[in-house]
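Colleague:
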Amino acid sequence: MEIWINPRCGKCRTALGELDAAGAEYTVRRYLEEPPTTAELTEVLGRLGLEPWDVARVDEPVGKELGLRSWGREDADRARWVEAMAANPALIQRPIITADDGYTVIGRSEEVLKDVLSH
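With the first letter of the sequence shown counted as 1, position 76 gets the number 92 in the working numbering; the numbers rise by one all the way through.
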């Protein structure tokens with residue numbers, strides 16, 4: 017299992033605590049220090065079944081600077097969003113957890129954390 021975290025994020029710390037309490041084996045990726053590539057983001061989005069604008073933190077300062085709220089949300093806009101998120105990883109919603117079988121979630125709730133632990 018792999019979890020992408022920002023150590024200053026309360027939801028990330030909660031997710032780590034839940035994984036530890038469940039005895040789960042996992043690796044941590046501090047995605048602000050080791051940003052995902054556009055290919056990795058595209059792959060994760062595919063596993064999540066979401067679009068980049070669904071997981072973008074548009075209210076982050078860089079998101080406001082870029083004017084993300086006004087960006088298009090069509091197929092043709094997908095690459096622009098992914099490139100912006102790869103260049104500015106603070107825009108990526110967190111924590112993202114990928115189970116060993118590839119099942120991937122954004123672990124922001126207890127229910128979702130329990131779900132990923134069952135994989």
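Note that beta-carbon positions come from the ideal geometry of N, C-alpha and C, so glycine has one too.
Under the assumption that Pro-68 contacts Arg-46 (Cβ atoms under 8 Å), give the Cβ distance between them as a whole number of angstroms.
Modeller: With a beta-carbon spacing of about 21 Å, Pro-68 and Arg-46 fall beyond the 8 Å limit used to define contacts.
Colleague: Quick check on DSSP: helix, strand or coil for Glu-90?
Modeller: coil
Colleague: Run through the region 32 to 79 for me and flag every whole beta strand (DSSP E) of 3 or more residues, listed as ranges in chain order.
Modeller: Complete beta strand (DSSP E) runs here, min 3: 43 to 46.
Colleague: So who's on the other strand from Glu-81, going by DSSP bridges?
Modeller: Answer by DSSP bridge pairing: none, since Glu-81 is not bridged.
Colleague: Pull up the distance between the alpha-carbon of Pro-77 and that of Ser-86, whole angstroms please.
Modeller: 15 Å
Colleague: Between the alpha carbons of Arg-89 and Leu-61, how many angstroms are there, rounded?
Modeller: 15 Å
Colleague: Hey, is the region 89 to 109 in contact with the region 29 to 38, meaning 3+ C-beta pairs nearer than 8 Å?
Modeller: For the pair of segments examined, the region 89 to 109 was found not to touch the region 29 to 38: the number of CB pairs separated by less than 8 Å stays below three.
Colleague: Output needed for Cys-28: all residues of its chain with C-beta closer than 6 Å, excluding positions within five of it in sequence on either side, in chain order.
Modeller: Ile-21, Asn-22, Arg-110, Pro-111, listed in sequence order.
Colleague: Going by Cα to Cα distance, which pick from Leu-84, Thr-54, Met-17 is closest to Val-98?
Modeller: Thr-54
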